[in-house]
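Visitor:
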Amino acid sequence: MLFRRKADDPLLPPDADAPLSLVDETPPTQPVAPPPKKRRWGRQRPAPDPAALSQEAHRMVPSLSEQDLLIPAGWQEKPTFVEHGEGYYSASLRIMAYPAQASNGFLHGLLRAPMPRRFAFYITPISNGQIVKQLTDDVTKLEAKLRGQAKEGKPFNPYDQNAYQQAEQLRQALAKNWIKMFNTSFIITLFGQTPEELQDHIREFKEAAAGGMWYVLETYYEHGNGWLTTLPLADERVTQSRRLDSNSLSCMLPFTWTEHIEEGGLYVGTNVQTGGPVLLDIHNRHRYPAGHIIFIAPTRSGKSYTAKSLLVQSLLDPALDAFVIDPSPPIDYQALGQTLGRFIPFKVGTQDKWNLCAIEYPRHITQLDENERQLLTAKIDFLLTLIDLMIQGQWTLEERALTEDLIRQVYGRYGITNDPVSLIDPDTLSVHPRMKPMPKLRDMVQALLQHPQLNRIGIMLKPFIQGGTLDLFDGDVPPSALDSRLTVFNIEGLLRAQKHLQPVAYLVIGELIQQRLLQSGRRTIIMIDEAHILFANEGTALWLSRLFRMSAKLNSAVWLLTQSLVDMIGDPATGLQVPGQDDARVCLSNTSINWLGPIDKESDARLLAQEFNLSGAEVEFLRKAQKGLGIWRTNRFHVPVQGQAPAILHPLLSSTLDEKTQTMMQYPDPLQGRQPMPAEVGEPMMPV
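In terms of numbering that gives the first Met the number 0, the sequence shown opens at residue 0 and continues consecutively.
#1: Among residues of its own chain, excluding the 5 on either side of R284, which ones have a beta-carbon nearer than 7 Å to its beta-carbon?
#2: Can you tell me the Cα-Cα spacing of Q393 and G301, whole angstroms?
#3: Tell me the start and end of each unbroken beta strand (DSSP E) in the segment 433 to 506 that is at least 3 residues and wholly inside, in chain order.
#4: Can you list, in chain order, the residues of its chain with a C-beta nearer than 6 Å to that of I292? Leave out the 5 residues immediately preceding and following it.
#5: How is R116 classed by DSSP in three states: helix, strand or coil?
#6: Can you say whether S89 is buried or exposed, counting buried as having 16 or more other CB atoms within 10 angstroms of its CB?
#7: Exposed or buried, what is G147 when buried is set at 16 or more other beta-carbons lying within 10 Å of its beta-carbon?
#8: Tell me which residues share the same chain as L469 and place their Cβ nearer than 7 Å to its Cβ, disregarding the 5 neighbours each side in the sequence.
#9: What residue from M549, V444, V323 has the CA that sits closest to Q366's CA?
#10: Between the C-alpha atoms of D137 and P154, what's the straight-line distance to the nearest angstrom?
#11: Going by DSSP, which residues form a beta bridge with N182?
#12: Indicate the three-state DSSP secondary structure (helix, strand or coil) for V557 in the structure shown.
#13: For A233, which three-state DSSP category applies?
#14: Helix, strand or coil for R58? Go by DSSP, reduced to three states.
#15: For the beta strand (DSSP E) that contains Q641, what are its first and last residues?
#16: For I423, does the three-state DSSP call read helix, strand or coil?
#17: Within the same chain, show all residues whose beta-carbon is closer than 8 Å to that of Q312, passing over the 5 residues directly before and after it, in chain order.
#18: From D566 to I295, what distance separates their C-alpha atoms?
#19: DSSP state of Q164, grouped into three classes?
#20: Name the DSSP beta bridge partners of Y266, please?
#21: Is it the case that the Cβ atoms of S519 and R362 are separated by a distance below 8 Å?
#22: According to DSSP, simplified to helix, strand and coil, what is M95?
#23: Could you check whether P329 and E491 sit closer than 8 Å to each other, using their CB atoms as the reference points?
#24: By the 10 Å Cβ neighbour count, where 16 or more other Cβ atoms means buried, how is Q391 classified, buried or exposed?
#25: Name the residue from W631, F118, G627 whose alpha carbon lies nearest to the alpha carbon of S303.
#26: Taking 8 Å as the threshold (C-beta atoms), are L315 and V503 in contact?
#27: Consult DSSP for L294 and reduce its assignment to one of helix, strand or coil.
#28: Let me know the secondary structure DSSP gives E221 once reduced to three states.
#29: Tell me the residue span of the alpha helix (DSSP H) that contains I324.
#30: Using 10 angstroms around the beta-carbon of E55, count the other beta-carbons present and answer buried if the total reaches 16, otherwise exposed.
#31: Going residue by residue through the segment 363 to 400, where are the continuous alpha helix (DSSP H) segments of at least 4 residues, counting only ones entirely within it?
#32: Closer than 8 Å by C-beta to T298: which residues in its own chain qualify, once you throw out the five before and the five after it? Chain order, please.
#33: Out of curiosity, what's the CA-to-CA distance linking G108 and K77?
#34: Whose C-beta lies closer than 7 Å to the C-beta of L169 among residues of the same chain, with five residues either side of it excluded?
#35: Quick check on this structure: which residue in T238, C250, R632, L310 has the alpha carbon closest to the alpha carbon of H282?
#36: Any contact between the segment 393 to 403 and the segment 338 to 356? By contact I mean 3 or more CB pairs, one from each, below 8 Å.
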């Protein structure tokens with residue numbers, strides 16, 4: 000018999016006071032409430048409602064009122080799903096097999112599945128005496144079997160021996176009440192607007208479960224009971240029991256927030272929910288293969304403070320270097336750079352004039368593939384992007400092609416080709432052979448001025464070479480001169496002179512860093528503040544996405560700090576597009592760790608929930624978050640954290656003058672009179 004709402008009754012909102020009216024499909028009759036079923040002992044722990052994952056109605060789990068629980072709405076059960084009278088469909092699944100190994104938060108992959116769903120987790124305790132009796136019989140049989148094998152002179156069967164040891168350990172732990180045993184049952188109900196959409200959700204959920212070593216099976220011909228089982232009534236009509244001890248069971252609780260401590264990890268703050276420390280081993284390439292981090296939060300939200308705190312801890316490793324690119328006033332990073340390394344201001348009149356045309360010979364060239372060994376091609380591509388930014392795109396495709404050929408000819412005069420060996424002076428015999436002389440930017444501009452079709456391009460580039468107002472890009476200093484363990488590039492002075500040079504400065508510094516990485520081969524962090532500016536230009540966005548992909552081979556990791564996700568990938572809802580949004584998505588897909596800070600824009604809230612699979616509660620947490628609060632997010636866990644750092648480091652990390660002054664009076668010399676060490680020698684000198 001199919002029950003449904005009356006055809007003339009409107010759909011009830013979640014807070015409606017009117018009761019649900021159930022009638023027979025044909026003649027209207029007075030509804031009779033079904034007798035209550037006998038409730039089994041157990042405890043149901045449904046996951047939070049995922050309705051906030053999307054504002055679209057078809058993505059929402061149907062809301063429940065008190066009437067829905069006392070007298071469930073009508074539905075019709077079919078072999079593969081349940082058809083409800085509300086215009087939606089549901090199907091239930093059960094967990095048949097669990098992963099062999101578990102750790103805190105290993106259930107999150109299922110709980111955060113990106114589709115409308117509802118969970119029910121039933122836990123029933125089992126008497127230890129009953130289990131000990133069963134295990135004693137099993138241990139006795141296995142022991143007799145092993146003794147028989149030994150008596151006959153046969154080698155022990157490793158499976159029998161392992162089973163005997165594990166059973167005996169479990170029996171002793173239960174007998175001493177060190178652990179408890181429980182019967183558990185985990186049921187999931189998925190929802191869809193149509194049967195086809197529901198089947199897609201089932202397939203996606205099973206694929207996600209298989210990735211976490213879960214085996215999930217549909218409850219064929221029991222979808223109705225499965226739907227009732229996941230209602231918050233603790234009425235377990237469908238069960239799939241699995242025995243778990245208290246240690247294994249504790250890894251499945253709590254559902255949303257877990258303590259997260261990784262062995263050898265860095266301290267990133269305090270868990271907001273539990274008050275415990277959160278340690279992330281961000282430099283562990285087995286756990287996080289890429290090691291990239293993207294920090295997303297508006298200005299003055301604690302974004303750079305959090306990143307600098309991690310950076311200082313990372314520099315305690317003597318085998319690790321760091322570079323910082325900063326467009327903000329020197330107050331943000333100057334104290335940190337001058338105390339622990341080198342602070343280099345990029346501005347008009349600076350004494351540091353870099354040779355952007357120099358090519359460094361890679362120390363680990365054998366780790367590069369054939370395309371990455373095309374060092375000259377990569378350098379020409381960089382110079383073309385640089386020229387495009389300097390002249391603000393005021394050239395034709397023909398002029399660009401001619402410029403490419405001309406640059407290759409200039410390198411040819413120095414005997415440099417795509418063969419990396421051509422970079423080495425053949426007259427030198429040394430373990431570290433001397434490099435050939437390299438052309439400079441002035442050589443390129445001079446060649447352009449002499450070319451009849453490219454003279455106009457050369458004239459526009461004259462301010463950037465020796466004798467011009469912006470000649471800091473035309474000098475003799477090679478990238479290998481960057482020998483400090485921490486180097487901070489500040490471009491605020493350059494931006495004050497000409498704002499449009501910000502992407503130029505980013506690209507130039509990034510190229511210097513990349514050449515330094517090729518030459519040194521040391522593990523390196525590249526931290527870029529205000530990184531969304533790079534995605535406003537296709538050339539700089541392409542360069543950054545390449546750096547993300549090559550970083551593992553260069554033994555480095557990229558940390559991006561950006562004010563908004565919309566500024567990186569655009570906003571499909573409003574049609575806003577960013578020139579480098581495709582490369583921004585490459586960066587996001589290659590990033591396994593994110594720090595998400597306070598949200599001040601609705602567009603960012605929507606995109607963050609969609610891109611990082613945030614729940615409604617997490618989005619609301621970020622909306623109300625104060626300075627320093629955020630969520631550390633990876634593919635396996637989400638942890639809300641309050642960032643903290645020792646008081647002695649506060650003047651190095653803070654960007655507020657009053658806070659710096661107050662703490663510097665208390666800690667005037669964080670290094671206690673010692674000088675920071677260069678990258679290649681000695682141990683790092685850090686505050687104790």
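Each residue gets a CB set at the ideal place from its N, CA and C atoms; glycine is no exception.
Guide: Working from what's here:
#1: Answer for R284: G290, listed in chain order.
#2: Taking the straight line from one Cα to the other gives about 39 Å.
#3: You should have 485 to 489.
#4: For I292, where only same-chain residues beyond five positions count, the Cβ hits under 6 Å are W558, I592.
#5: Secondary structure at R116: strand, using DSSP grouped into helix, strand and coil.
#6: Its Cβ being crowded by 16 or more others within 10 Å, S89 is buried.
#7: Under this definition G147 is an exposed residue.
#8: Excluding residues within five positions, the ones whose Cβ falls inside 7 Å are V347, P462, F463.
#9: Ranked by how close their Cα comes to the Cα of Q366, the residues M549, V444, V323 have M549 in first place.
#10: So the alpha carbons of these two residues sit roughly 21 Å apart.
#11: Per DSSP, T123, R242.
#12: Strand at V557.
#13: In the structure shown, A233 adopts coil according to DSSP, grouped into three states.
#14: Unreliable placement is indicated for R58, whose pLDDT of 45 sits below 50; the coordinate value is still reported in the next sentence. R58 falls in the helix class under three-state DSSP.
#15: Where Q641 is concerned, the enclosing beta strand (DSSP E) stretches over 637 to 641.
#16: Of the three classes helix, strand and coil, the one that applies to I423 here is strand, per DSSP.
#17: Once the five neighbours on either side are set aside, the close Cβ partners of Q312 are L265, Y266.
#18: Distance between the alpha carbons of D566 and I295 is about 11 Å.
#19: If DSSP states are grouped into helix, strand and coil, Q164 belongs with the helices.
#20: Beta-bridge pairing links Y266 to L278.
#21: For S519 and R362, yes; Cβs fall inside 8 Å.
#22: When secondary structure is reduced to three states using DSSP, M95 falls in the strand class.
#23: Their beta carbons are under 8 Å apart, which means E491 touches P329 by this criterion.
#24: Per the 10 Å Cβ criterion, exposed.
#25: For S303, the nearest C-alpha among the options comes from G627.
#26: The answer is no: Cβ separation not under 8 Å.
#27: Looking at the sequence shown, residue 294 is not Leu but Phe. Here F294 sits in strand by DSSP.
#28: In this structure, E221 counts as coil in the three-state DSSP scheme.
#29: Annotation for I324: no alpha helix (DSSP H) segment contains it, though the beta strand (DSSP E) segment containing it runs 319 to 325.
#30: Because the pLDDT at E55 is just 41, under 50, the model does not fix this residue reliably, and the point stays unresolved.
#31: As for any alpha helix (DSSP H) of minimum length 4 sitting wholly inside the segment 363 to 400, the runs are 374 to 389, ordered along the chain.
#32: Counting only Cβ-Cβ distances below 8 Å, and skipping sequence neighbours, we find Q562.
#33: Cα-Cα distance, rounded: 29 Å.
#34: The beta carbon of L169 is closer than 7 Å to those of L134 in its chain, skipping five residues each way along the sequence.
#35: When each option's Cα is compared against that of H282, the closest is L310.
#36: With a cut-off of 8 Å, the segment 338 to 356 and the segment 393 to 403 do not count as touching, because too few Cβ pairs lie within range.
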